[in-house]
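Contents: one structure, followed by commentary.
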Amino acid sequence: MGGLVAAVGVALTLAASSAQAGSGTPASAGRAVRQATVRHYVVRPGDTLWAIAARIAGPRADPRAVLDSLVRANHVGGTLAVGTRLVIPA
198 MGGLVAAVGV ALTLAASSAQ AGSGTPASAG RAVRQATVRH YVVRPGDTLW
248 AIAARIAGPR ADPRAVLDSL VRANHVGGTL AVGTRLVIPA
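Once you know that position 86 of the sequence shown is 283 in the working numbering, the rest is easy, because the numbers rise by one and skip nothing.
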C-alpha cells in the first residue's frame, strides 16, 4: 500500500507493536503471536470520510464497507476536524 499511499498523497502514521501470547516460551508454544500493525490517517483540510474510505478501498472497490469500519473504529460521523487522527481498521 506504500506506493498507493505515496501516489494519492495520503499521510499515514504507522505504529507497530508485537506481543507473545501463552504461558510457555515461543519454542513450547510453537509460534509467537503478533498483534496486527495499527495504521492511522491524519485528517487534512477538505477530507471527508467518504474520500478517505475511497482511497483506502482502492479505485475499483466499493468504499462503503471501509466507511462503516472507519465510523465504528473512530466513533465519528459528519464533519471531520483537521488534524484528527483516525484509526484505519485492518
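Here a beta-carbon is modelled for each residue, glycine too, at the ideal position from N, C-alpha and C.
On a predicted model such as this, the values are computed, not experimentally measured, just so you know.
Using CA coordinates, which residue listed in Leu-246, Arg-236, Thr-234 is at the minimum distance from Ala-278?
Here residue 278 is taken as the residue at index 81 of the sequence shown, counted from 1. The candidate whose alpha carbon is nearest that of Ala-278 is Leu-246.
Identify the continuous alpha helix (DSSP H) that holds Arg-252 and give its terminal residues.
On the sequence shown, residue 252 is found 55 positions in, with the first residue counted as 1. It spans 246-254 - the alpha helix (DSSP H) in which Arg-252 sits, taken as one unbroken run.
If you reduce the DSSP assignment to three classes, tell me which class Val-240 lands in.
The count along the sequence shown starts at 1 and reaches residue 240 at position 43. Note: Val-240 maps to coil in three-state DSSP.
Which residues does DSSP list as the beta-bridge partners of Leu-283?
Translated into the one-based positions of the sequence shown, residue 283 becomes position 86. Note: Leu-283 sits in a beta bridge opposite Tyr-238.
Do Pro-242 and Ala-251 have their CB atoms nearer than 7 Å?
The residue given as residue 242 occupies position 45 in the sequence shown. The residue given as residue 251 occupies position 54 in the sequence shown. No. Outside cutoff.
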